[in-house]
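So the sequences go chain by chain: A and B.
Numbered by UniProt numbering, the letters in the first sequence go through residues 1 to 171 in order.
Numbered by UniProt numbering, the letters in the second sequence go through residues 1 to 171 in order.
Protein chains: 2
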Amino acid sequence: MTGPDDFDLGDLKLPEPQQLEAYFALTEAVSLLQHHVEQQLRAEGGISTVQFQLLMALNGAGQLTMTQLADGVVYSRSGLTYQAALLEKAGLVTRGPSPDDERATLVAITDKGRETVGRVLPGHIQVTRRLLYEAVSAEDLNRLRGIMSRVRDHIREEPPRSAAPRRKRTF
Amino acid sequence: MTGPDDFDLGDLKLPEPQQLEAYFALTEAVSLLQHHVEQQLRAEGGISTVQFQLLMALNGAGQLTMTQLADGVVYSRSGLTYQAALLEKAGLVTRGPSPDDERATLVAITDKGRETVGRVLPGHIQVTRRLLYEAVSAEDLNRLRGIMSRVRDHIREEPPRSAAPRRKRTF
DNA sequence: TATTGTTATACTCTATAACTATA
DNA sequence: TATAGTTATAGAGTATAACAATA
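Here it is as structure tokens:
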């Protein structure tokens, strides 16, 4: 991607080239990283990144309702139902009614689910170490943690997307 | 996601909690950011992020071959053909044979394509400013740029993914 | 033979809307 | 009425393999 220098952007305050560079480097590096991670998870565990994230959440909590599970994984409810159904069919989780709230579905990780996490995690850590940690000094990694935690929290505080107007796509 | 404290990972050297935090904050923040960006591009330009990236590349270069266009956008050739066909149908690019190499297809951005970029870019910049730049000091943004540029280059130098063994997914 | 690109095909994933059931 | 979740459905996107044409 090149700079937006040759546009008529009216009064829009353009970002400094350094700002743009930070943005591009950030998104591109993470895209590449995620791609490698996806490959590893698929190869060693037969699961997608989303499924791995769900299993990790359940591995910590033991069991969660669908709504609790949806928090943290930006997702539509139906999308989560779809993934949970896949995980259940694979025997990695079970689904059942909640005693506290009859409306809720409790999703619980199975032994096989924990086994899958245990099988996949070492490779996952290896990939992130090789691609991320090895490229960054301990000091910089610490800075990165602070910066991106702040960014994450900042975005999380954003008003819900429902505020944004929808337009039909042109194709 | 919680920590992997309760696994038998054998001899695997576990990352420090701070390392994990950096990784999680990084991927989560970028996911959230990309989600907002996608919304904006769709709403104001009717295009996806991938299509925006392709248009940005073409907007700088004027025209590129499919192979050149594929560089930088991690993508299968067929996937690029699919996206290029969509962009062509929408009148944002044209495709034609290359005079230099009869095998190559030259993809060129049209006036309408440039107009779309110009229409979408201000909002794109606004979103990134609101979500990213505003959360980070100038100094930290500069650090972020340096760090992530290094990570990106590091990952780019990785051996091709064909080295990774493929396994069938379990479901 | 290697490279460029397209096509056919199959599959994964995601979102929307309508629906059921409980609070 | 509001909330939790599912289902039906439709569409976008992606990858693989087979293919044609040129270098």
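Each residue gets a CB set at the ideal place from its N, CA and C atoms; glycine is no exception.
Any chain A beta carbon closer than 7 angstroms to residue 32 (chain B)
yes
Using a Cβ cut-off of 7 angstroms (strictly closer), state whether residue 58 (chain A) contacts chain B.
no
Could you tell me the boundaries of the beta strand (DSSP E) in which residue 110 (chain B) lies?
Run containing residue 110 (chain B): none; DSSP gives neither H nor E here.
Verify the CB distance criterion: does residue 76 (chain A) have a CB-CB separation below 7 angstroms to chain B?
no
Note the first and the last residue of the continuous beta strand (DSSP E) segment covering residue 73 (chain A).
Per DSSP, residue 73 (chain A) belongs to no beta strand (DSSP E) and is neither H nor E.
N- and C-terminal bounds of the alpha helix (DSSP H) containing residue 95 (chain B):
Run containing residue 95 (chain B): none in the alpha helix (DSSP H); it sits in the beta strand (DSSP E), 93-97.
Assuming residue 58 (chain A) is part of the alpha helix (DSSP H), what are its boundary residues?
49-61
Which residue comes first and which comes last in the alpha helix (DSSP H) that contains residue 89 (chain B)?
77-89
Using a cut-off of 7 angstroms between C-beta atoms, extract the partners of residue 120 (chain B) located in chain A.
Those within 7 angstroms of residue 120 (chain B) in chain A number zero; the least Cβ separation is about 10 angstroms.
Pull the bridge partners of residue 64 (chain A) from the DSSP assignment, please.
A:107
Rank A:36, A:148, A:122 and A:60 by C-alpha distance to the C-alpha of residue 18 (chain B) and give the top, closest one.
A:148
Any Cβ of chain B within less than 7 angstroms of the Cβ of residue 95 (chain A)?
no
Between the Cα of residue 158 (chain B) and those of A:143, A:36 and A:125, spot the shortest distance and give me the residue it belongs to.
A:36
Would you check if the distance between the CB atom of residue 141 (chain B) and the CB atom of residue 22 (chain A) is smaller than 7 angstroms?
yes
If we count the other Cβ atoms within 10 Å of its Cβ and call it buried at 16 or more, is residue 119 (chain B) buried or exposed?
exposed
Would you kindly report the start and end of the unbroken alpha helix (DSSP H) that includes residue 23 (chain B)?
17-45
Boundaries (first-last residue) of the alpha helix (DSSP H) holding residue 149 (chain B):
138-156
Considering only the alpha carbon of each residue, which of B:134, B:136, B:115 and B:133 lies closest to residue 46 (chain B)?
B:115
Report yes if the CB atom of residue 106 (chain A) is closer than 7 angstroms to the CB atom of residue 96 (chain A), and no otherwise.
yes
I want to see whether chain B comes within less than 7 angstroms of residue 41 (chain A), judged by CB atoms only; does it?
no
Quick one: what's got a C-beta closer than 7 angstroms to residue 1 (chain A)'s C-beta in the same chain, skipping five residues either side?
For residue 1 (chain A), the predicted model reports a pLDDT of 47, less than 50, meaning its position is unreliable and no value from the coordinates is stated.
Please list, in chain order, the chain A residues whose beta carbon lies closer than 8 angstroms to that of residue 131 (chain B).
151, 154, 155 and 158
Between the alpha carbons of residue 124 (chain B) and residue 51 (chain A), how many angstroms are there, rounded?
30 angstroms
Distance cutoff 7 angstroms, beta carbons only. Does residue 128 (chain A) sit that close to anything in chain B?
yes
Under 8 angstroms Cβ to Cβ from residue 110 (chain B), same chain only, skipping five residues before and after it: list those, please.
91, 92, 93 and 94
Under the three-state DSSP convention, the category residue 102 (chain A) falls into:
coil
Chain A beta carbons: is any one of them nearer than 7 angstroms to that of residue 2 (chain B)?
Residue confidence for residue 2 (chain B) is low, a pLDDT of 43 falling below 50, so the modelled location carries little weight and cannot support an answer.
Within 10 angstroms of its Cβ, does residue 44 (chain A) collect 16 or more other Cβ (buried), or is it exposed?
buried
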